[in-house]
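A.B. asks:
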Amino acid sequence: MSFDPEAIRSEFPGLAELRDGRPYTYLDSAATAHKPRCVIERVAELLGPAYGTVHRGLYRRAAQMTERYEQARRTVARFLDADPGEIVFTAGCTDALNLVAHGWGRAHLRPGDRILVSGMEHHAGLVSWHTAGFKPEPIPLRDDGSLDLEAYDRLLAAGGVKLVGCVHISNALGTINPVAELARRAHAAGALFCLDAAQSAPHLPLSVRALGCDFLAFAGHKVYGPTGIGVLWARRELLEAMPPWRGGGEMIERVSFAGTTYAAPPARFEAGTPPFVEAIGLATALEWLMAQDRAAILAHERAIYDYAERRLAEVPGLRRIGTAPERGGALSFVLACAHPADIAAVLDAQHIAIRAGHHCAQPVMERFRVSATARASIALYTTRADIDRLHDGLQTCVRLFG
Ligand code: PMP
Numbered sequence: 003m004s005f006d007p008e009a010i011r012s013e014f015p016g017l018a019e020l021r022d023g024r025p026y027t028y029l030d031s032a033a034t035a036h037k038p039r040c041v042i043e044r045v046a047e048l049l050g051p052a053y054g055t056v057h058r059g060l061y062r063r064a065a066q067m068t069e070r071y072e073q074a075r076r077t078v079a080r081f082l083d084a085d086p087g088e089i090v091f092t093a094g095c096t097d098a099l100n101l102v103a104h105g106w107g108r109a110h111l112r113p114g115d116r117i118l119v120s121g122m123e124h125h126a127g128l129v130s131w132h133t134a135g136f137k138p139e140p141i142p143l144r145d146d147g148s149l150d151l152e153a154y155d156r157l158l159a160a161g162g163v164k165l166v167g168c169v170h171i172s173n174a175l176g177t178i179n180p181v182a183e184l185a186r187r188a189h190a191a192g193a194l195f196c197l198d199a200a201q202s203a204p205h206l207p208l209s210v211r212a213l214g215c216d217f218l219a220f221a222g223h224k225v226y227g228p229t230g231i232g233v234l235w236a237r238r239e240l241l242e243a244m245p246p247w248r249g250g251g252e253m254i255e256r257v258s259f260a261g262t263t264y265a266a267p268p269a270r271f272e273a274g275t276p277p278f279v280e281a282i283g284l285a286t287a288l289e290w291l292m293a294q295d296r297a298a299i300l301a302h303e304r305a306i307y308d309y310a311e312r313r314l315a316e317v318p319g320l321r322r323i324g325t326a327p328e329r330g331g332a333l334s335f336v337l338a339c340a341h342p343a344d345i346a347a348v349l350d351a352q353h354i355a356i357r358a359g360h361h362c363a364q365p366v367m368e369r370f371r372v373s374a375t376a377r378a379s380i381a382l383y384t385t386r387a388d389i390d391r392l393h394d395g396l397q398t399c400v401r402l403f404g
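First residue of the sequence shown: 3, per this note's numbering; consecutive thereafter.
#1: Determine, using beta carbons only, whether residue 143 and residue 149 come nearer to each other than 8 Å.
#2: Between the Cα of residue 53 and the Cα atoms of 283, 12, 349 and 268, which residue gives the shortest distance?
#3: Which residues have their C-beta within less than 5 Å of a heavy atom of the ligand PMP, listed in chain order?
#4: Between residue 377 and residue 314, what straight-line distance do the alpha-carbon atoms span, to the nearest angstrom?
#5: From residue 10 to residue 122, what does the alpha carbon distance come to, in whole angstroms?
#6: According to DSSP, is residue 68 helix, strand or coil?
#7: Less than 8 Å between the C-beta atoms of residue 288 and residue 102, yes or no?
#8: If we count the other Cβ atoms within 10 Å of its Cβ and call it buried at 16 or more, is residue 137 buried or exposed?
#9: Whole angstroms is fine: what's the gap from residue 267's alpha carbon to residue 404's?
#10: Under the three-state reduction of DSSP, which class applies to residue 91: helix, strand or coil?
#11: Name the two residues that bound the continuous alpha helix (DSSP H) containing residue 307.
#12: Relative to the alpha-carbon of residue 252, which residue among 57, 278 and 30 has its alpha-carbon at the smallest distance?
#13: What does DSSP give as the partner residue(s) for residue 152 in the beta ladder?
#14: Go ahead and pull the three-state DSSP assignment for residue 268.
#15: What are the complete beta strand (DSSP E) segments, minimum 3 residues, inside the stretch 318-390?
#16: With DSSP as the reference, identify every bridge partner of residue 236, one or two as the case may be.
#17: Taking C-alpha atoms, which residue in 330, 296 and 72 lies nearest to residue 309?
#18: In its own chain, which residues sit with a C-beta less than 6 Å from the C-beta of residue 485, not counting the 5 before and 5 after it?
See the structure below:
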């Protein structure tokens, strides 16, 4: 198999729009990815002729939807090299990480227990702990945006660490963390390892077994699927020892006014009518992705990333934030002459979409002493022409503001 980015682009209606004759240069896939036609059509079918609820109904449509929902769970399990009984559908990656903090954390952490998170954590993996009443300690970052592994060892050696949380790829820096090694060291210190795979799921093959993590979270909308759906994977024994976080329909064995006994996982964590259209839409996206030549996609994305780095280096006064040896997906930068918001506005006028801001990673901004960065991020449909237009747009910024 091989991979043709131009051909794949034509499968994405969201990229087709011309503005004043200019093609759409979409470089914000780290925020959310566009959807291939098969996902859009599947969701339309599910909301239209196939529509019916899951679990509750005894009629044919409901039975069919239930089967498709459970089939979606099996697809996600295949995507993660996991067991379907270990897949919990959530409302997103944020929701999945909140389930770890509020479900596992509140049940198992005692006063004095410590949590470590990377200094490049997305707020989803940090604020979720704060709202659950915990205060994770940061694993510091080196100046290139990689994790300081010696400091990590020292933090672990001080004792009492029960869980380490880390992003696989940083959405703010593009750093790819050595997560299998981080997990190995966490386990050696008696801690669990929770992986935020929001940014890696669209790019890297994920195997929970090979990575050796205990929890893994990702979001559907960044991996070419619908919004409103995410996944928490956790080892079965962890799920079994976790109380539910939310109560309601479908997560119970028996309810009376005296109390409730809860269903086994994963149902225990899926209270209420689940986002079944979105879950099946996500499975469609993952089937579509898994049917592609993923090694060729990875090679294409690496080549585009390298090309983007070379072209950005030509822009006068541009400084990259995040230059770790292992990096990919997202490129953060600042210009000496313009605020990131102004850069984004100038680019938007040229029909180029990038992100400007703190990327829900304010501690990263603080670490690199910037209030915000501009960020271009790539996906499998990104082409060299997109990068050339970004380069030209940034040169316009330099002419306007420099
Ligand atoms: N973690 C990382 C690394 C992310 O980039 C994001 C989204 N920007 C999230 C978590 C949260 O994902 P969502 O907003 O889809 O829940």
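We treat Cβ as the ideally placed atom computed from N, Cα and C, and that holds for glycine.
C.D. replies: So, to answer that:
#1: Taking the sequence shown and counting its residues from 1, the one referred to as residue 143 is at position 141. Taking the sequence shown and counting its residues from 1, the one referred to as residue 149 is at position 147. Yes, Cβ-Cβ distance for residue 143 and residue 149 is below 8 Å.
#2: Taking the first residue of the sequence shown as 1, we reach residue 53 at position 51. Minimum Cα distance to residue 53 is reached at 283.
#3: Going by the Cβ distance cut-off, the answer is 94, 95, 96, 124, 126, 169, 173, 198, 200, 201 and 221.
#4: Residue mapping note: residue 377 aligns to position 375 of the sequence shown, counting from 1. Residue mapping note: residue 314 aligns to position 312 of the sequence shown, counting from 1. For residue 377 and residue 314, the distance between alpha carbons rounds to 12 Å.
#5: Here residue 10 corresponds to residue number 8 of the sequence shown, with the count starting at 1. Here residue 122 corresponds to residue number 120 of the sequence shown, with the count starting at 1. C-alpha separation (whole angstroms): 32 Å.
#6: Position 66 of the sequence shown, counted from the first residue, corresponds to residue 68. Helix at residue 68.
#7: By 1-based counting over the sequence shown, the position of residue 288 is 286. By 1-based counting over the sequence shown, the position of residue 102 is 100. Note that the C-beta distance between residue 288 and residue 102 is not below 8 Å.
#8: Your numbering for residue 137 matches position 135 in the sequence shown. Burial call: exposed.
#9: In the sequence shown, residue 267 corresponds to position 265, counting from 1. In the sequence shown, residue 404 corresponds to position 402, counting from 1. So the alpha carbons of these two residues sit roughly 58 Å apart.
#10: Residue mapping note: residue 91 aligns to position 89 of the sequence shown, counting from 1. Residue 91 falls in the strand class under three-state DSSP.
#11: Here residue 307 refers to the residue found at position 305 of the sequence shown. 296-315 is the extent of the alpha helix (DSSP H) around residue 307.
#12: Mapped onto the sequence shown, residue 252 falls at position 250. Out of 57, 278 and 30, 57 has the C-alpha closest to the C-alpha of residue 252.
#13: For the purposes of this step, residue 152 is identified with residue 150 of the sequence shown, where counting begins at 1. Note: residue 152 sits in no beta bridge, so no partner.
#14: Against the sequence shown, residue 268 aligns to sequence position 266. Looking at residue 268 - three-state DSSP - the assignment turns out to be coil, as it is neither helix nor strand.
#15: DSSP runs (the beta strand (DSSP E)) wholly in the stretch 318-390: 320-323, 332-337, 357-359 and 375-379.
#16: What you label residue 236 is simply residue 234 of the sequence shown in a count that begins at 1. Residue pairing by DSSP puts residue 236 in a beta bridge opposite 217.
#17: The residue labelled residue 309 in the question sits at position 307 within the sequence shown. Nearest C-alpha to residue 309: 330.
#18: It is not possible to answer for residue 485, since the shown part of the chain is limited to 3 through 404.
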